[in-house]
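Chains as they are written, first to last, in the working numbering: chain A, 1 to 188; chain B, 189 to 399.
Cβ coordinates follow ideal geometry from the N, Cα and C atoms, glycine included.
Just so we're clear, the structure is a prediction, and the values are computed from it rather than from any experiment.
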Amino acid sequence: MGKAYRLLYDENACIGCQACSVACRVEHGVPEDFFRLQVRMELKGVFPRLGMSYERMACVMCEDAPCVSVCPTFASFQDKDGLVHIDERVCITCKYCILACPYHARFINPLKNVVEKCDFCYESRVSKALLPVCVSICPTEALMFGDMNEHDSLVYETSHKEALIFPKAHLKTKPKVAFLPKRKGMKS
Amino acid sequence: MSPIWGSMAQYEMVHWSWAIAVYLFLAGLSSGSIMVALLVKWNRHERSNSSIWDAMIKSGAVVAPLSILLGLLLLIVDLGRPLSFYWLLIRYNITSVMSLGVLFLLLYTPIVIVFMLLVFERSVMKYTFLAPLVALIQAVKELHSYAKIIEYFLFVTALCISSYTGFLLSALYAIPLWNSPILPILFITSSISLGIAVNILTGLLFFQKYD
Ligand code: SF4
Ligand code: SF4
Chain A
1 MGKAYRLLYD
11 ENACIGCQAC
21 SVACRVEHGV
31 PEDFFRLQVR
41 MELKGVFPRL
51 GMSYERMACV
61 MCEDAPCVSV
71 CPTFASFQDK
81 DGLVHIDERV
91 CITCKYCILA
101 CPYHARFINP
111 LKNVVEKCDF
121 CYESRVSKAL
131 LPVCVSICPT
141 EALMFGDMNE
151 HDSLVYETSH
161 KEALIFPKAH
171 LKTKPKVAFL
181 PKRKGMKS
Chain B
189 MSPIWGSMAQ
199 YEMVHWSWAI
209 AVYLFLAGLS
219 SGSIMVALLV
229 KWNRHERSNS
239 SIWDAMIKSG
249 AVVAPLSILL
259 GLLLLIVDLG
269 RPLSFYWLLI
279 RYNITSVMSL
289 GVLFLLLYTP
299 IVIVFMLLVF
309 ERSVMKYTFL
319 APLVALIQAV
329 KELHSYAKII
339 EYFLFVTALC
349 ISSYTGFLLS
359 ALYAIPLWNS
369 PILPILFITS
379 SISLGIAVNI
389 LTGLLFFQKY
399 D
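#1: Could you give the distance in angstroms between the alpha-carbon of residue 399 of chain B and the alpha-carbon of residue 213 of chain B?
#2: Taking 8 Å as the CB-CB limit, is residue 69 of chain A close to chain B?
#3: Let me check you understand the geometry: is the CB of residue 67 of chain A closer than 7 Å to at least one non-hydrogen atom of ligand 3?
#4: What does DSSP give as the partner residues of residue 77 of chain A in its beta bridges?
#5: Any contact between the segment 353–360 of chain B and the segment 328–339 of chain B? By contact I mean 3 or more CB pairs, one from each, below 8 Å.
#6: Alpha carbon to alpha carbon, how far is residue 402 of chain B from residue 255 of chain B?
#7: Any C-beta of chain B sitting closer than 8 Å to the C-beta of residue 33 of chain A?
#8: Using the Cα positions of residue 287 of chain B and residue 100 of chain A, report the straight-line distance between them to the nearest angstrom.
#9: Give a single yes or no on whether residue 24 of chain A has its beta carbon closer than 7 Å to a heavy atom of ligand 1.
#10: Should the segment 158–171 of chain A be called in touch with the segment 83–98 of chain A, which here means at least 3 C-beta pairs below 8 Å?
#11: Output, in chain order, the set of chain B residues within a Cβ distance shorter than 7 Å of residue 104 of chain A.
#12: Beta strand (DSSP E) containing residue 53 of chain A: first to last residue?
#13: Which residues bound the beta strand (DSSP E) around residue 114 of chain A?
#14: Please report how far the alpha carbon of residue 49 of chain A lies from the alpha carbon of residue 42 of chain A, in whole angstroms.
#15: For residue 268 of chain B, tell me which candidate among A:83, A:97, A:102, A:178 has the shortest Cα-Cα distance.
#16: Determine the DSSP secondary structure at residue 29 of chain A, reduced to helix, strand or coil.
#17: Quick one, which of B:223, B:243, B:373 has its alpha-carbon nearest residue 394 of chain B's?
#18: In three-state DSSP terms, what is residue 310 of chain B?
#19: In whole angstroms, what separates the C-alpha of residue 20 of chain A from that of residue 250 of chain B?
#20: Considering only C-alpha positions, which residue in the set A:148, A:33, A:103 is nearest to residue 109 of chain A?
#21: Please tell me whether residue 284 of chain B has its Cβ less than 8 Å away from any Cβ of chain A.
#22: At a cut of 8 Å, does the segment 168–184 of chain A reach the segment 196–212 of chain B through at least three beta carbon pairs?
#23: At a Cβ threshold of 8 Å, is residue 95 of chain A touching chain B?
#24: With 16 other CB atoms within 10 Å as the buried threshold, where does residue 345 of chain B fall?
#25: So what's residue 16 of chain A in DSSP terms, helix, strand or just coil?
#26: Count the C-beta pairs between the segment 103–122 of chain A and the segment 52–61 of chain A that are closer than 8 Å, then say yes if the count reaches three, no if not.
#27: Between A:73, A:52, A:79, A:53, which lies nearest to residue 64 of chain A when the distance is taken from Cα to Cα?
#28: Which class does residue 192 of chain B belong to by DSSP, given the choice of helix, strand or coil?
#29: If the cut is a Cβ gap below 9 Å, which residues of chain A does residue 268 of chain B touch?
#30: Please name the residues in the segment 330–361 of chain B whose beta-carbon is closer than 7 Å to at least one beta-carbon of chain A, in chain order.
#31: Name the chain D residues that come within less than 8 Å of residue 290 of chain B, Cβ to Cβ?
#32: Give, in chain order, every residue of the segment 137–153 of chain A whose Cβ lies closer than 8 Å to some Cβ of chain B.
#33: Going by other Cβ atoms of all chains shown within 10 Å of its Cβ, with 16 needed for buried, is residue 68 of chain A buried or exposed?
#34: Less than 8 Å between the beta carbons of residue 71 of chain A and residue 281 of chain B, yes or no?
#35: What first and last residue would you give for the alpha helix (DSSP H) that runs through residue 145 of chain A?
#36: Using CA coordinates, which residue listed in B:240, B:219, B:239, B:266 is at the minimum distance from residue 209 of chain B?
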């Protein structure tokens, strides 16, 4: 059976320290000013009910991925576990996928002149049964990663305990990344 | 609101440059002018050489191939890796509007060039440096019994070209305004109106013979 990976991001636990983003840069050599992953922080609400809002910006690994269906050369493809990867050899950098991705997850790596995005650290870590680097470094355990087919996994248990939000669910892209929304309200 | 941490530059980049914008215009121009020229040819063509109808056909026969060739060049120039464009010709993803576009262009461009050669057959004969093309024209003329079918086919491919550009943009989730089914209709309409205008204009300017 293939794996049903899931990554959970708990907005309640996140403190916006950007350790995940920095670890990602180091792991993948992401050039300056570009991001495979960043946590966007904003001050939201109306005084006195202010609060920090955190939003994880990265590929959400759509099951019905617009980037894969628009890629003319199959450079963007899905592997057997449904993870979306980029075959750098056949990518012609037409940029169609960048514009098709509803999550703004993709960019052109100016050093290689090829499209790049988060790949759940598949090559370097997940295929060797390690956690993605962002998950393993998070100091508050705001990130969880695992296989939904394993019923004793943390992601399985959390997914069945908490109310999850799938980003831009109305687009029906069926992301593998889900958020645990902030429970403390701030007025917006 | 500006973010507290991190750069937003990546999310605000323009990914398809002016070249694509011009290409979209040229594709609409090319397909529109050939569609109008064909419609005129089928419905209004009298044997006299001096009518505006004849000038419109000639105009379409010139404008269509030239603009699509220029457009193709721009398409390749806009790729981040122009020299790898051959992958587009080897691998076809039928769910990708871009791949479909490549297929349409591969059918459309050669036929439209042959159409130009046939319309300007006499001019081609006049110049010796065009001699190699004469053989091509002769070969194509052998097929004259299929001429009508080929013209219909050309019309259909032109229609595909003018609408696929709309579908191309409507697949873009990153730009919600374009993510709409109205876009292809808008593109066909504007391409046909452009075709009419251009054929009348270049027809009057270059191909009108006054008796
Ligand atoms: S988030 Fe974007 S890049 Fe990632 S799979 Fe979905 S469409 Fe593709
Ligand atoms: S830029 Fe590369 S990966 Fe993206 S659609 Fe074009 S060929 Fe495919």
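So, to answer that:
#1: For residue 399 of chain B, the pLDDT reaches just 46, beneath the cut-off of 50, and the residue's location in the model is therefore unreliable, leaving the point undetermined.
#2: Using a CB distance cut-off of 8 Å, residue 69 of chain A counts as an interface residue toward chain B.
#3: Judged by which ligands are present, ligand 3 is missing from the structure shown, whose ligands are ligand 1 and ligand 2.
#4: A:85
#5: no
#6: This structure gives no information on residue 402 of chain B, because the portion of chain B shown stretches from 189 to 399.
#7: yes
#8: For residue 287 of chain B and residue 100 of chain A, the gap between their C-alpha atoms comes out near 15 Å.
#9: no
#10: no
#11: Residues of chain B passing the Cβ test: 199, 362.
#12: It spans 49–57 - the beta strand (DSSP E) in which residue 53 of chain A sits, taken as one unbroken run.
#13: 114–116
#14: Near 14 Å, if we compare the C-alpha coordinates of residue 42 of chain A and residue 49 of chain A.
#15: Ranked by how close their Cα comes to the Cα of residue 268 of chain B, the residues A:83, A:97, A:102, A:178 have A:97 in first place.
#16: coil
#17: Cα-wise, what sits closest to residue 394 of chain B is B:243.
#18: Correct three-state label for residue 310 of chain B: helix.
#19: 58 Å
#20: A:33
#21: yes
#22: With a cut-off of 8 Å, the segment 196–212 of chain B and the segment 168–184 of chain A do not count as touching, because too few Cβ pairs lie within range.
#23: yes
#24: buried
#25: DSSP places residue 16 of chain A in coil when its eight states are reduced to three.
#26: By the C-beta criterion, the segment 103–122 of chain A is judged to be in contact with the segment 52–61 of chain A, since at least 3 inter-stretch pairs fall below 8 Å.
#27: If we check each option's Cα against that of residue 64 of chain A, A:79 comes out closest.
#28: coil
#29: 91, 92, 93, 94, 95, 108, 113, 114, 115
#30: 359, 360, 361
#31: Looking for chain D here will not work: the only protein chains present are A and B.
#32: none
#33: buried
#34: yes
#35: Residue 145 of chain A: not part of any alpha helix (DSSP H); member of the beta strand (DSSP E) spanning 143–147, first to last residue.
#36: That would be B:266, whose Cα lies nearest to the Cα of residue 209 of chain B.
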